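Okay, structure first, notes after.
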Amino acid sequence: MKRLLSALAAAGLLVVGSPAVAAPADGGRLPVKPAPATQVWATRPASYQPGSTAQPLLRLDIEDLSPRLVTAGANSVTISGKIVNVGDRDIADLELRLERGDALTSEEAVRQALREPTDAETVQPWFTRIADELKMGQSKPFSLTVPVRGPENTSLRIDQPGVYPVLANINGSLDRGYRARLAALSTLLPVLAVPDGDALPTPPDPAKITLLWPLADRPRMVSGGLEPVLTDDELASSLALGGRLYGLLKAYESALEGPLGGAVCLAVDPDLLRTVQAMGKGYQVQGQGAGKGRNEAELWLAQLRLLAGGRCVVSLPDADADLVALSRARLTDLVALAAKGADEVRAVLEVQAQPGLAWPEDGVLDQQTLTDLADQGVTAVVVDQSAVAGTPGSGPVTLDANGKPVTAVRIDGMVSDALRGTAVARPPAGGITTPTETRPVSVQNALAALAYRTGFQAAGRHVVISPPRRWNAPTGEVNTFLQITKSLVGAGFATPVGLQSLIGATPERAAALSYPVESGAQEVPPAVTADVAASWRQLQELAGAMSQQDRESAKPEELVAPLRLSLLRSVSGAWRGSEAGARAALGVADGQIAGLRGKVSVTEPNSPILLASGDSPIPVTIRNRLNVRITVRIVVEETPGIVTQQLPDQLLPAGGDRQLTVPVEVQRSGRFPVHIRLTTPEGVELGERARLEVSSSAYGTITIVITVLAGALLVLLSARRIYRRAKASRAAAAAVPNDASGVTPEKSSAS
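So the working numbering is basically just the index in the sequence shown, starting at one, shifted up by 2.
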């Protein structure tokens, strides 16, 4: 772990390292919130301010800061690590000093220091030379010990308990003799007792600590069944020794031991359990072949079952779904599906999760989502303090879900936000499976915030602590946080309280929800949820057309349920702030739905269909490759020259074919294509459209009618002509004389 922060420091981010008490065997180092206000680039004089595009010359890797919590036995503070010249020039006269500011005396002052570095230049001991020269590419270790108390210019001069801002400041000489601050670290140092001086007394009403321990990951399941398929094999590394989920599980085991055990509640994503269980049976990785994490998955899940038995367990929404985004899209069926995750927890871990409890992503809800959850039987929620902004106190409160009371347990925003790192961007959508240097986690600042809560604010306040959903702290830092939290409980500054006690307690007061604007900006986008809604409707209509063939055959739910879960994964809270991640997951679900639809199709004949007469039907073969019966509708698309009659809906047997004839009326002869498709009765298209070549030499009804009429007209015209000829012949015969001479006598002149 000694290289934990190299990438961060190379980017100019300054961090602080491993624990002060019981340092971990792996030497884990602590990444702390960067201090932009204290950074100065070495390419300019000391007066130059940050914000330039200039690159840093010096990287500061802090490997140890001890103690992390100053008590009566700590006479000095030691900071050690190494410096690395990452620039394009040599640096000379490198010096380091540890400075401190005034104690933070209010909650707002502590919160402000967590958001951005505060002044830490009240006490400035002398600089200590750590290197005469550091050439390009060179590195050098250093260690500096500063007394907690002592003469001016040689110590931190801490005389009273408090939470102090401290600053590690490195100066050096550049070109032309310029001296500049080359690197700096800003963090908080809690002091509960001063050596040979004052110490905080144990409070008469200590703070009440509750610890929620999340185990979650981003969705990776593509399909289940006898041979599950995952999108990648990163979980194999995460579940193995040294991986993220492995480390969190071991830390959970450690948290259960000692005085903190009664305050710990495991929060687990049902989809993670489903995926790990599938991996333990052997699995495939999409496009890569067999997965490599079968043994690791089996061991991890077996250990989790053992540890969770008889303990407090909370079921996160299945696939850690973004409940607010689902509610806004009116996908109440998916909200209900997400709320059923406790069933999967019971099936896999063989424990009963807290009934009627929901913990949404980021701990925030809007009123509509709360109402939708209450309709699903939710009676208690875990929310962040920001979700009920402006509500005094720290204990449970009552929310109104359209007339139904819901108990809300509030997470302490100051401590949990410090663990999350408020100044750090969200983790990449691809997910992080092993502790890495890409996301700093300010454990030291969280310890300072916790010390302030328990040592300086106690008064019986509730301190519900929750690390980030997909926490990625180094193992050493996770252990250090738990060790110091246990020490605060052991010293009487805090007392453990189980989550069940908070849920069952009478709420302090009523509260109204407040949905933060920044949370709305992180939701799974409406464009994605609209597409999810369309796919959901299609899947539901497809399921409505299916039926079980007999008692021995498959049930429609067995085919449809995995696809519903795939759609739920596309709105996972892991995709908040990442539309690309949500789209990729939705693409997997849509591909599965298309595959299901494609198993019912029309078979195209190998040769053209010859119709013997104008009213000959078209033969059609329909194929069903599903293990359930399905009702289909045959649709013949409009084709010039053919008039079709609509057949009644057809019930296809499971895994069977059926030959049908479609009544048609041919209006012309010739060869032409006919397109036939299948749909469900609700209009969901099944399979691909079939193209049939139809050949007909028969005349249609209209043609026959025209022919008959033409023949009749021809007969009439012929009869008319014959009649006229006959009439003319009779007239000519009447004009012939009776005498045989054949000469017509001339009229006399007298006449």
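Every residue, glycine too, gets a C-beta built ideally from N, C-alpha and C.
Just so you know, these numbers come straight off a predicted model, no measurement behind them.
So for W215, helix, strand or coil by DSSP? strand
Quick one: Cα of W215 to Cα of Y254, how far? 7 Å
Measuring straight from C-alpha to C-alpha, what distance separates G589 and L237? 21 Å
Go ahead and pull the three-state DSSP assignment for S418. helix
When DSSP labels each residue in this structure, what does V638 get in the three-state scheme? strand
Straight-line CA distance for A91 to G522? The amino acid at residue 91 is misidentified as Ala; the sequence shows Arg. So the alpha carbons of these two residues sit roughly 47 Å apart.
Using a Cβ-Cβ cut-off of 8 Å (strictly less than) and excluding sequence neighbours within five positions of K252, which residues of its own chain qualify? T477
Please report the Cβ distance between I172 and L136, rounded to the nearest whole angstrom; I am assuming they are in contact, meaning their Cβ atoms lie under 8 Å. In fact, because the Cβ distance is near 11 Å, the residues do not count as touching under 8 Å.
9 Å Cβ cutoff met for V353 and A310: yes
If G358 sits next to G379, beta carbons under 8 Å apart, how far is it from one beta carbon to the other, in whole angstroms? 6 Å
Check whether the segment 137-148 touches the segment 111-119, counting contact only when three or more Cβ pairs, one atom from each stretch, lie closer than 8 Å. no
Assigned secondary structure, T120 (DSSP; H/G/I helix, E/B strand, else coil): coil
6 Å Cβ shell around I486 - same chain, five flanking residues per side excluded: L71 and L449
Could you tell me if N481 is buried or exposed, where buried requires 16 or more neighbouring beta carbons within 10 angstroms of its beta carbon? buried
Relative to the C-alpha of G597, which residue among I85, L688 and L372 is closest? L688
Helix or strand or just coil, what does DSSP make of K4? Bear in mind that the predicted position of K4 carries a pLDDT of just 35, short of 50, making it unreliable; the figure below should be weighed with that in mind. Three-state result, K4: coil.
Just the Cα atoms here: how many angstroms apart are V526 and R599? 27 Å
Counting Cβ pairs closer than 8 Å, one from the segment 657-667 and one from the segment 618-633, do we hit at least three? yes
Backbone secondary structure at N1 - three-state DSSP: The structure shown has nothing for residue 1, since the chain only spans 3 to 753.
Between L375 and A389, how many whole angstroms is the CB-CB distance? I'm expecting something under 8 Å. Incorrect: roughly 13 Å between the Cβ atoms, too far for contact.
By DSSP's criteria, E554 is part of a beta bridge. Which residues make up the other side? Note: E554 sits in no beta bridge, so no partner.
My assumption, with CB atoms under 8 Å, is that V602 sits in contact with L680. Please give the rounded CB distance. 6 Å
With 16 as the cutoff for other CB atoms within 10 Å, does R246 come out buried or exposed? buried
Can you check DSSP and say which residues form a bridge with N87? L60
Using a Cβ-Cβ cutoff of less than 6 Å, which residues in the same chain neighbour S396 once the five nearest sequence positions on both sides are dropped? R463 and H464
Inspect the beta-carbon positions of T400 and A292 and report whether they are closer than 9 Å. no
So, for A656: in the same chain, excluding its five sequence neighbours on each side, which residues have a beta-carbon less than 6 Å away from its beta-carbon? Q551, S555, N629, V630 and R631
Residues near R625 in its chain [Cβ-Cβ closer than 6 Å; skip 5 each side]: S603, T605 and D659
Where A427 sits in the DSSP three-state scheme: Confidence at A427 is low in this model, with a pLDDT of 37, below 50, so the placement of that residue is unreliable and no value is reported for it.
Quick one: Cα of A584 to Cα of P642, how far? 44 Å
What separation, rounded to the nearest whole angstrom, lies between the Cα atoms of D368 and D271? 22 Å
Rounded straight-line distance, which links the Cα of G713 to that of A736: 35 Å
Runs of alpha helix (DSSP H) lying entirely within the segment 341-427, each at least 4 residues, in chain order: 343-351, 369-377 and 415-422
Identity of the residue in T73, T456, L62 and V88 nearest I81 by Cα: L62
Determine the DSSP secondary structure at M281, reduced to helix, strand or coil. helix
With burial defined as no fewer than 16 other Cβ atoms inside 10 Å of the residue's Cβ, what is the status of M548: buried or exposed? buried
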